[in-house]
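Encoded as structure tokens, the structure appears first; notes follow it.
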Amino acid sequence: MKKTKVLIVDDEPQILRALRAGLVAHGYDVVSAADGEEALDKAATELPDAVILDINMPRLSGLQVCKALREWSSAPIIVLSVRDAERDKVTALDLGADDYLTKPFGTDELLARLRVALRHAQREAGPTEPIVRAGNVTIDLARHMVKRGEEEVRLTATEYNLLAYLATNAGRVLTHTQILEHVWGPGYESETQNLRVYVSQLRRKLDPDSAQPQMITTEPGVGYRFIADEV
Amino acid sequence: MRNVFSFASKYRPTDFVFTLVAVAATTVALILLRARLSTQVIALLYLLPVMLSATRWGLLSALVASLVAFLAFNYFFLAPTHTLAVSNPEELLVLVVSLIVAILISQSVGAANLHAAQARAREMEATTLYNLTRALGAQAGLDEILSSITRHVTEAFDLAGCEILLAAADGSLESKARYESTDGDPAERGQPVEIPLTAHQVTMGALRLTTRRPDVQVGPTTLRLLTTFAAQVGLFIERARLAREADRARLLEESDQLKSALLSSVSHDLRTPLSAIKASATVLLHEDVALDAATRYDLLSAINEETDRLNRLVGDLLDMSRIEAGTLRLKCDWCDLDELIRAVAHRLSPRMTAFQIQFDWPVDLPLIYADYVQIDRVVTNLLENASRFAPPGSPIKVEAHAEAEAMTVAVTNQGPAIPDRLHPHLFDKFYRVSEDRAPGMGTGLGLSICKGIVETHGGRIWVESPVANNAGARFVFTLPFPSGAPPRVTPIVEALSDEENQGSDR
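Protein sequence lines, in the order shown, are assigned to chains A and B.
Using this note's numbering, the letters of the first sequence map in sequence onto residues 2 to 232.
Using this note's numbering, the letters of the second sequence map in sequence onto residues 24 to 529.
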């Protein structure tokens, strides 16, 4: 079977070295680039299945690379950023990046994000899984039905649309803007207040006994992530 | 206070009416009593309305009274009566003398009145000036004092508005404070008048006055008074600037000393995890030493943990320097505190398994308007701090409640009480209750970061200890709501749709 090819882009050689070691050890084929321009060249010649991209780079920032890549490639992109650079993360995600990681991060975290992104990219091409499970909650996307245990949970249309959008993107981070645009429609991108209220309601209906949010997790300053059971 | 300073300028028509009434009343009374009175006495009695007018209604009224009294005396009482002719030379003398006396009395009484009015006006001026000057002495920052001055000036002189402009470094005038009277038509304002603000012959700015209507000028008395006051304001601003510079110099000196103390503390804190990482890594690199799996795992975990610690420290230092430099930029939005606190607790749960974290707030807690990431830091630091001092197995309680003006959040642990004398220092940089730098101890920056973030949001943070039974500590912070009613996380009224329709609207 052909190995999955990952392009890693970072201007710090130590990071490249560590990431390469981690990815190769887990069976990935690795190509690397040390700046934005090289990244675009390598992406065009090597046609990677996924890109891990540092945002802060000389000669073409990660954001610019992200934008340029999205013009012709749908390979999942995971951006690497630092704490306090929430705006960069959100910009990258809104430009089409699939996920982000905050430096410093563990290799296991990176691998998990990469798996989700690759799986999602595959699914985009094929038919979607009609049933998403998270703990004792089952979301039947085909029949528009949500159950907690055996009991059906009654949701309003907006609540359902929100949940369905999060669930179809299980494991991926979704920015406030993406969610608002998708669920509420264009023109509602700044109504984060509304979004907070709906998320809070959804959590109360689906996770009423849990003291801590586990199904819909908050990504501080960025958005939300739906955590489904691993399939 | 309208017209306080226009004592000498205006006569009201009613003054003359009163004057004429007084003379007429006197005439009627004298006509009734004429049989018993001699001409001289009548002349004397006519001085009464003249004096009354002089004292009550001013010099001009008194002169009018003198003239009218003169005519009435002549017309009604001097033979031949009902004509203005005088037959008896003695009576003519009485008439002329009484007119002269009336005029002289009018003048001297009028002058005395004028002096009294001037004295009153000067007293008013002194009081106004005193009130204005008192604003300069308030215990407040320069900006607040300047804005209180604009308000006082506007109100004291019944203006439409007052603005203080100060010269910026490039010589252009910058508005520093401004007050606009709320009543009156904003479209109908007079041309602004500027009074220079000077200190030691150097003009540093101007006091700009706007009258209520285009046809109303700023009076000469007001101008004179405000020029005097402007000189004081000028001196005051200069004094405040000098004081600020002196403060800055002193702070610089202190911060130099503080910096070297901090540097030694920081380098210690940075080196400790680095040493641990270096030590573990070098052991692992030694090829000639056979390590069993457990030891390898131990060393690798140490590297992993110390890296996290180092990362937290670097983050804390960065936060602290941003807060100190005043460059912490808040990205405020509506946040659900319930979501925020639960998310923090969830993230910290692997490190806080020894404690029961309890939440206590109403279901309809309103949203806060804050920077989510920063408030996340505050709650994280407070929870971590609580876990350092709470006895294992004890509860750590997070409470929140909304009041009219602000949201209050409290994190309470059942650790040892913090003595009162330590309370003021808890939020100082690098302050640790114990000198122990055990691995579990923080960087000594957590609480000062909390303070910085909360205060940047316009809130307050403090500690209450002991909480109960001579133990426990409660860290409380407030976050003010923006003006206007805080939105509540109330269930949204939306019809439950049928399954078939779900997902079909938008």
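No residue lacks a Cβ here, since even glycine has one placed at the ideal position from N, Cα and C.
DSSP three-state call for residue i: helix, strand or coil?
i: Ala427 (chain B); result: coil
i: Lys90 (chain A); result: helix
i: Trp357 (chain B); result: strand
i: Thr501 (chain B); result: strand
i: Asn154 (chain B); result: helix
i: Gln162 (chain B); result: coil
i: Trp595 (chain B); result: In the structure displayed, chain B extends from 24 to 529; residue 595 (chain B) sits before or after that span and is not available.
i: Val51 (chain B); result: helix
i: Met227 (chain B); result: strand
i: Phe30 (chain B); result: Interpretation of Phe30 (chain B) is limited by its pLDDT of 41, a score under 50 that renders its predicted location unreliable; no figure is taken from the coordinates.
i: Asn492 (chain B); result: coil
i: Leu246 (chain B); result: helix
i: Ala183 (chain B); result: coil
i: Arg201 (chain B); result: strand
i: Ser195 (chain B); result: coil
i: Thr19 (chain B); result: Given a span of 24 to 529 for chain B in the structure shown, any question on residue 19 (chain B) remains unanswerable.
i: Asp331 (chain B); result: helix
i: Phe93 (chain B); result: helix
i: Thr176 (chain A); result: strand
i: Lys3 (chain A); result: coil
i: Pro36 (chain B); result: helix
i: Gly37 (chain A); result: helix
What number of angstroms, rounded off, separates the C-alpha of residue i from the C-alpha of residue j?
i: Ala425 (chain B); j: Val499 (chain B); result: 13 angstroms
i: Arg144 (chain A); j: Tyr166 (chain A); result: 15 angstroms
i: Ala461 (chain B); j: Gly136 (chain A); result: Legend: pLDDT at Ala461 (chain B) = 48, less than 50; position of this residue unreliable, value from coordinates given subsequently. Straight-line Cα distance between these residues: approximately 38 angstroms.
i: Ala530 (chain B); j: Arg247 (chain B); result: In the structure displayed, chain B extends from 24 to 529; residue 530 (chain B) sits before or after that span and is not available.
i: Phe42 (chain B); j: Pro112 (chain B); result: Reading off the sequence, residue 42 (chain B) comes out as Thr, not Phe. Between Thr42 (chain B) and Pro112 (chain B), the C-alpha separation is close to 29 angstroms.
i: Thr330 (chain B); j: Lys104 (chain A); result: 11 angstroms
i: Gly469 (chain B); j: Asn408 (chain B); result: 8 angstroms
i: Leu55 (chain B); j: Thr104 (chain B); result: 15 angstroms
i: Leu258 (chain B); j: Leu265 (chain B); result: 11 angstroms
i: Ser372 (chain B); j: Asp36 (chain A); result: 38 angstroms
i: Trp384 (chain B); j: Asp270 (chain B); result: 44 angstroms
i: Leu445 (chain B); j: Gln397 (chain B); result: 26 angstroms
i: Val492 (chain B); j: Ala413 (chain B); result: With the sequence shown as reference, residue 492 (chain B) is identified as Asn, and Val is not the correct amino acid for it. About 14 angstroms.
i: Phe100 (chain B); j: Thr78 (chain B); result: 26 angstroms
i: Trp80 (chain B); j: Phe39 (chain B); result: 8 angstroms
i: Glu151 (chain A); j: Gln202 (chain A); result: 20 angstroms
i: Arg262 (chain B); j: Gly186 (chain A); result: 58 angstroms
i: Gly107 (chain A); j: Ile16 (chain A); result: 12 angstroms
i: Leu390 (chain B); j: Lys68 (chain A); result: 35 angstroms
i: Arg18 (chain A); j: Leu24 (chain A); result: 10 angstroms
i: Ile419 (chain B); j: Leu61 (chain A); result: 48 angstroms
i: Ile217 (chain A); j: Ala191 (chain B); result: 52 angstroms
i: Asp208 (chain A); j: Glu39 (chain A); result: 46 angstroms
Quick check on residue i: buried or exposed, where buried means 16 or more other Cβ atoms within 10 Å of its Cβ?
i: Pro221 (chain A); result: buried
i: Arg400 (chain B); result: buried
i: Asp208 (chain B); result: exposed
i: Ala377 (chain B); result: exposed
i: His223 (chain B); result: exposed
i: Trp73 (chain A); result: exposed
i: Thr233 (chain B); result: buried
i: Phe227 (chain A); result: buried
i: Ala171 (chain A); result: buried
i: Leu323 (chain B); result: exposed
i: Asp42 (chain A); result: exposed
i: Asn327 (chain B); result: exposed
i: Asn162 (chain A); result: buried
i: Ser488 (chain B); result: buried
i: Lys4 (chain A); result: exposed
i: Asp311 (chain B); result: exposed
i: His138 (chain B); result: exposed
i: Lys90 (chain A); result: buried
Worksheet item: Quick one, which residues of the stretch 97-131 of chain A are near chain B if we go by CB-CB under 8 angstroms, in chain order?
Response: Cβ contacts with chain B come from Pro105 and Gly107.
Item to complete: Could you please tell me which residues of the stretch 378-391 of chain B, in chain order, have their CB closer than 7 angstroms to any CB of chain A?
Response: Residues Phe382 and Leu390.
Worksheet item: Along the chain, which unbroken stretches of the beta strand (DSSP E) at least 3 residues long are found entirely within the stretch 178-230 of chain A?
Response: Inside the stretch 178-230 of chain A, DSSP marks whole beta strand (DSSP E) runs of 3 or more residues at positions 217-220 and 224-227, from first to last along the chain.
Discussion item. To be precise: take each residue of the stretch 356-371 of chain B, compare its Cβ to all Cβ atoms of chain A, and keep it if any distance is under 8 angstroms. Which residues remain?
Written reply: Under the 8 angstroms Cβ criterion, the stretch 356-371 of chain B contributes Asp356, Trp357, Cys358, Asp359, Asp361, Glu362, Leu363, Arg365, Ala366, Ala368 and His369.
Discussion item. Short of 7 angstroms Cβ to Cβ, which residues in the stretch 52-68 of chain A face chain B?
Written reply: Per Cβ criterion, the list is empty.
Discussion item. At a CB distance below 7 angstroms, what residues from the stretch 392-415 of chain B approach chain A? Give them in sequence order.
Written reply: Considering only beta carbons, the part of the stretch 392-415 of chain B lying closer than 7 angstroms to chain A consists of Tyr395, Val396 and Asp399, in chain order.
Worksheet item: Which ranges would you report for the beta strand (DSSP E) in the stretch 90-150 of chain A if only whole runs of at least 3 residues count?
Response: Listed in chain order, the complete beta strand (DSSP E) runs (minimum 3 residues) inside the stretch 90-150 of chain A are 100-104, 132-135, 138-141 and 146-149.
Worksheet item: Along the stretch 67-89 of chain A, what residues have a CB closer than 8 angstroms to any CB found in chain B?
Response: Of all residues in the stretch 67-89 of chain A, only Arg84, Asp85, Glu87 and Arg88 place a beta-carbon less than 8 angstroms from a beta-carbon of chain B.
Practice prompt. Entirely within the stretch 363-393 of chain B and at least 4 residues each: give me those alpha helix (DSSP H) ranges in chain order.
Written response: Here no run is fully enclosed.
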